[in-house]
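Going by the UniProt record's numbering, the first residue of the sequence shown is number 1, and it counts up by one from there.
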Amino acid sequence: MLPTFNVERRALDTDDSLPKLTDFNDLHVAEGIALVTQQIDAAIASLQVPVVPSAVVAVDDVVPAISAPLPDTAFAAPAAANGGAGEDGFTLAGLLARFSLIIGERRVWDSVEQMVMKWPAYAALVGRGLASEWEARIDKRTMRQSDLPKIKRGKAVDEATMSTSAMLLARYTLLYGTETVWDAENRMVLSLSALRAAYGGDSVKFWQENLCRKND
1 MLPTFNVERR ALDTDDSLPK LTDFNDLHVA EGIALVTQQI DAAIASLQVP
51 VVPSAVVAVD DVVPAISAPL PDTAFAAPAA ANGGAGEDGF TLAGLLARFS
101 LIIGERRVWD SVEQMVMKWP AYAALVGRGL ASEWEARIDK RTMRQSDLPK
151 IKRGKAVDEA TMSTSAMLLA RYTLLYGTET VWDAENRMVL SLSALRAAYG
201 GDSVKFWQEN LCRKND
């Protein structure tokens, strides 16, 4: 933005007969601060954008908010809707992925919980209707009894625990009425707490509950 001069000024740089006036500082010196203020205010006013009142939005024009997407329900449907009062959160697709029918038995292997379930317990869990629908499917998973992992009270026992427990059965004798055992290899008496510290609580507990355990 350049000022407008009312006084005569130099048109060419080589013209020394008139003063060289180019900017607002020169306008201030030549014609006064009042004219400077007037021209600047006029320039600012010309640049201002008029305020447009906001449009009134009709109720019918309001776009409803889009709710967040619902979670995937492939594995979540109330079991009660499938004919039973079992635990919510199961669908047929979920059962086909998770459970296997043990061939020749009315028992089911749960691959998530790593446990065998009797049919009444399974039906109560997922709902009787959904359980029957799953049982009728030809594409459901099946397992032979021989393919099941080692089971203790319905739960899978890992191979390390089984191996350690087999060694305990061969080597140690529980001394009746005490919290001690006889170590046949080192020929010494040990406490059960020492045995647990050496071999782990799970292995010792499995050994204690085994009917083949030696007693004296």
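Backbone N, C-alpha and C define an ideal beta-carbon position, used for all residues, glycine too.
From the options, residue whose alpha carbon lies closest to that of residue i
i: I102; options: S146, H28, L92; result: S146
i: F90; options: K118, G104, E133; result: E133
i: W119; options: E113, A197, E135; result: E135
i: N186; options: K205, A198, Y199, R171; result: R171
i: L21; options: T14, V112, P3; result: P3
i: R213; options: M188, V181, M143, D139; result: V181
i: A97; options: G127, R137, A124, R106; result: R137
i: V126; options: A45, T173, A93; result: A93
i: L47; options: L12, M1, T37; result: M1
i: K205; options: G177, T164, M188; result: T164
Between the CA atoms of residue j and residue i - distance to the nearest angstrom
i: A30; j: V7; result: 8 Å
i: D16; j: R9; result: 10 Å
i: A76; j: G201; result: Caution applies to A76, whose pLDDT of 42 falls short of 50 and renders its modelled position unreliable; the model cannot decide the point.
i: D216; j: S203; result: 20 Å
i: A198; j: L175; result: 18 Å
i: A42; j: L35; result: 11 Å
i: Y122; j: G104; result: 16 Å
i: M115; j: L195; result: 27 Å
i: L18; j: D26; result: 13 Å
i: A85; j: E113; result: Any answer about A85 is weak, because its pLDDT of 40 lies below 50 and its placement is not dependable; what the coordinates show is given next. Straight-line Cα distance between these residues: approximately 20 Å.
i: A124; j: L95; result: 14 Å
i: T14; j: F5; result: 20 Å
i: A131; j: K140; result: 11 Å
i: G177; j: R144; result: 41 Å
i: G32; j: D23; result: 13 Å
i: T37; j: A45; result: 12 Å
i: Q39; j: L12; result: 24 Å
i: residue 246; j: M188; result: This structure gives no information on residue 246, because the portion of the chain shown stretches from 1 to 216.
Beta-carbon proximity of residue i to residue j, cut-off 8 Å
i: E179; j: L192; result: yes
i: W109; j: L168; result: no
i: T142; j: S111; result: no
i: R128; j: M117; result: no
i: T173; j: A184; result: yes
Beta-ladder partner(s) of residue i, from DSSP
i: S100; result: W109, R141
i: L190; result: V181
i: Y172; result: D183
i: N25; result: Answer is none; N25 lacks a bridge partner.
i: M117; result: V108
i: K214; result: T173
Residue i: CB within 7 Å of a non-hydrogen atom of the ligand ATP
i: E135; result: In the structure shown, the ligand ATP is absent, as is every other ligand, since no ligand is present at all.
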